[in-house]
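Undergrad: First to last, the sequence lines map onto chains A and B. Everything in the first sequence is counted per my numbering, starting at 61 for the first residue and increasing by one. Everything in the second sequence is counted per my numbering, starting at 61 for the first residue and increasing by one. Built from N, CA and C at the ideal position, the CB exists for glycine as well.
Number of protein chains: 2
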Amino acid sequence: MNFQQLRYVRETVRQGLNLTEAAHRLFTSQPGVSRQIKELEDELGVQIFVRRGKRLVGLTEPGKAVVQMVERVLQEAENLKQAAKEYAEQDSGTLAVATTHTQARYSLPRVVAAFRRRYPKVHLLLHQGNPTEIAEMLIGGEADLGIATEALEDYKQLLAMPAYNWSHCVVVPHDHPLANIERVQLEDLVKFPIVTYDPHFAGRSHIDQAFAARGLEPDVVLAAIDSDVIKTYVELGLGIGIVAAVAYDAKRDRGLRALEAGHLFRSNTTRVGIRRGAFLRGFTYSFIELFAPHLTRKLIETSMAGAGENYEL
Amino acid sequence: MNFQQLRYVRETVRQGLNLTEAAHRLFTSQPGVSRQIKELEDELGVQIFVRRGKRLVGLTEPGKAVVQMVERVLQEAENLKQAAKEYAEQDSGTLAVATTHTQARYSLPRVVAAFRRRYPKVHLLLHQGNPTEIAEMLIGGEADLGIATEALEDYKQLLAMPAYNWSHCVVVPHDHPLANIERVQLEDLVKFPIVTYDPHFAGRSHIDQAFAARGLEPDVVLAAIDSDVIKTYVELGLGIGIVAAVAYDAKRDRGLRALEAGHLFRSNTTRVGIRRGAFLRGFTYSFIELFAPHLTRKLIETSMAGAGENYEL
DNA sequence: TATCCTTACGGAATTCGTAAGCATG
DNA sequence: CATGCTTACGAATTCCGTAAGGATA
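(1) Just tell me which of 145/A, 167/A, 89/A has its CA closest to the CA of residue 182/A.
(2) I'd like the ranges of any beta strand (DSSP E) spanning at least 3 consecutive residues and lying wholly in the region 254-338 of chain A.
(3) By Cβ distance, which residues of its chain are closer than 6 Å to residue 345/B, with the 5 residues on each side in sequence left out?
(4) I'd like to know whether the C-beta of residue 67/A is nearer than 8 Å to at least one C-beta of chain B.
(5) Using a Cβ-Cβ cut-off of 8 Å, state whether residue 155/A counts as contacting chain B.
(6) Look at the alpha carbon of residue 339/A and the alpha carbon of residue 143/A, and state the distance between them as a whole number of angstroms.
(7) Can you tell which of 258/A, 259/A, 257/A, 236/A has its C-alpha closest to the C-alpha of residue 248/A?
(8) Measure from the C-beta of residue 70/A to each C-beta in chain B and report whether the shortest distance is under 8 Å.
(9) Run through the DSSP bridge pairs and tell me what residue 122/B is partnered with.
(10) For residue 147/B, decide whether its Cβ has a neighbour in chain A, counting only Cβ atoms nearer than 8 Å.
(11) How many angstroms separate the CA atom of residue 80/B from the CA atom of residue 74/B?
(12) Taking Cβ-Cβ distances shorter than 8 Å, what residues in chain A pair up with residue 137/B?
(13) Under 8 Å, Cβ to Cβ, is there at least one residue of chain A near residue 104/B?
(14) With DSSP as the reference, identify every bridge partner of residue 343/B, one or two as the case may be.
(15) Quick check on DSSP: helix, strand or coil for residue 237/A?
(16) Taking the alpha carbon of residue 201/A as the reference point, which residue from 171/A, 132/A, 231/A, 102/A has its own alpha carbon closest?
(17) First and last residue of the alpha helix (DSSP H) that includes residue 74/A?
(18) Can you look up residue 166/A in the DSSP assignment and give me helix, strand or coil?
(19) If we count the other Cβ atoms within 10 Å of its Cβ and call it buried at 16 or more, is residue 161/A buried or exposed?
(20) Are any of the Cβ atoms in chain B nearer than 8 Å to that of residue 122/A?
(21) What first and last residue would you give for the alpha helix (DSSP H) that runs through residue 91/A?
(22) For a cutoff of 8 Å on Cβ pairs, would you count residue 141/B as touching chain A?
(23) Residue 144/A CB to nearest chain B CB: under 8 Å?
(24) Note down, in chain order, all residues in the region 313-340 of chain A with a beta-carbon under 7 Å from any beta-carbon belonging to chain B.
(25) For the region 303-320 of chain B against the region 183-198 of chain B, are there 3 or more C-beta pairs whose distance is under 8 Å?
(26) So with Cβ pairs under 8 Å, would you call residue 126/B a contact of chain A?
(27) In terms of alpha-carbon separation, which member of 138/B, 148/B, 274/B, 224/B lies closest to residue 337/B?
(28) Can you round the beta-carbon distance between residue 254/A and residue 281/A to whole angstroms, since I take them to be within the 8 Å contact cut?
(29) Near residue 295/A, which residues of its chain fall below 7 Å by C-beta distance, leaving aside the five closest residues on each side in sequence?
(30) Since residue 99/B and residue 107/B are thought to touch, with beta carbons under 8 Å apart, how far apart are those beta carbons, to the nearest angstrom?
(31) Going along chain B in order, which residues have a C-beta closer than 8 Å to the C-beta of residue 130/A?
(32) DSSP three-state call for residue 161/B: helix, strand or coil?
(33) Return the chain-ordered list of same chain residues with a C-beta closer than 8 Å to the C-beta of residue 151/B, the five sequence neighbours on each side being excluded.
(34) Would you mind working out which of 225/A, 205/A, 192/A sits nearest residue 327/A, comparing C-alpha positions?
(35) Could you tell me which of 123/B, 352/B, 184/B sits nearest to residue 333/B, measuring between CA atoms?
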């Protein structure tokens, strides 16, 4: 049994039981992968994959158990390397953060600036993606840290910690009929075309729920991935916008007016996600704490140790 | 990084930083171990061992962290193999139980008999040792299961689950002055020479505590490792014996008389110990449950998952 | 001086990639 | 017949043991 064999098994599973693709991803030859996997199966004394003729078509019962444990061994091995790096290259290395547009655009700039001042030698990588992609990057080990409002808490492999709560607001042009209304209601909103987030992003689910609960059918004419696109089209008069409150800046967004909407939609919790059982570099804890000061290293370590459900703010 | 290197590091630490001895134990050459360890250090970018001239004299700070994680990787790898075996050789394999004389002699025979009937193809190994040795065999992976009254709960690497409580009794020859006393007291006992367990065994600690709490100084003339030796010398008139109540059998021990002593000494808890994080074969759970029916597989798995303090009955 | 680690070197074993073969959809 | 896994074989690499060297207590 060696690490190479374990990596081959893991990658083959990740690539949907396609040996050729797994070999390609690991920059090696396909027959090599085939043979190594077979040797591992021989050594363990169990078939991992169900083969039909010369195709891999599934995991055997023992195979499922084996794959799970393979993942753990590789995770621990990765942790070992990371722990060594923590000493070998103190305060330098790479931090990969996966996040959504809203966070990258509005919450993270100040964090990134502070972080770079504190850790000038750390190579900071920001990956933008939708919440599902972020979760998958964390699970696959491509990102060390994920920040998103949706999805992260749905994966049991991840620890999703609440960073902060926020509400939506409604943005309209200054000359819009709703511009000077006192306390806007859902019934007011459905009279106009609506511009808001794509279903997978930034609390869109809470928006849909609120309308559905009142039996209202909003006319969403544009579902965007980012707040800036939404604001742009609202300024053009395409409709009224529903965006995260943080995305409205009175100074910058002179053409728009923001209406409180905290009473209309359930508030949202932005979470910081990390892979359970992963070893985190010291500067990763620092980044998290810069982003959400209550998420101290100690708290995170405790949460990791706990068998753990995700908790609420 | 490969498993061989990790095993070399682990064994070197276990052998007190003696490369030669580690190589010997792993049936390989000493230069091989030396080189592989160095290559691992190079790859990780940290020194694991402190070298003075050409001797290994300690672990570096990163080394301590590395060693800990090496242990985890190897443990997970071992678990993987065990899990595969669980499928490959269902209901066959090896179960190594480490235990003390008292357990082996009085509690385990019925368990072993039942187990062998249920799992005729499992190779059952019983290792006898003192509680500390038992704990170390568990930690070193030489035993799957430990049963003892002392020590197991002191190791944080072990999960020690209470199996049953028991008390001591006093045994005397039939013609002894204490033979017909109603409710024997500590003050009665100190008038005679005492024959009991070695300090590391079978609740001896509770015996000493009881006398010390009353300011009494018992005259222990023989400290034995097993109950049979104690009973033999009591029959010879060397003194009065204090043994585990289970060790007295009215039929077999005709020459002796047993006096209740549950009120004199704190009762003792015999525990089942397993290595935390170890994968247990199905028949291992069965053995434990035969020994202590309340320790079900489910309970054990829950206790393992918990970050876990050891608990009491 | 005995113990114990490192370095050097040659042989053995393992690993790996290319090429060819064959089953599936 | 295109895709995808297995088998075969030769080359390259890695691993390992013996022998020699040097440091420490």
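TA: To lay it out plainly:
(1) 145/A
(2) 279-284, 300-304, 316-320, 328-335
(3) 357
(4) no
(5) no
(6) 7 Å
(7) 236/A
(8) no
(9) DSSP, once it has assigned bridges, lists no residue as partnering residue 122/B.
(10) yes
(11) 12 Å
(12) 61, 133
(13) yes
(14) Partner(s): none; residue 343/B has no beta bridge.
(15) coil
(16) 132/A
(17) 63-74
(18) helix
(19) buried
(20) yes
(21) 90-104
(22) yes
(23) yes
(24) none
(25) no
(26) yes
(27) 138/B
(28) 7 Å
(29) 233, 315, 316
(30) In fact, because the Cβ distance is near 13 Å, the residues do not count as touching under 8 Å.
(31) 140
(32) helix
(33) 179, 181, 182, 342, 343
(34) 225/A
(35) 352/B
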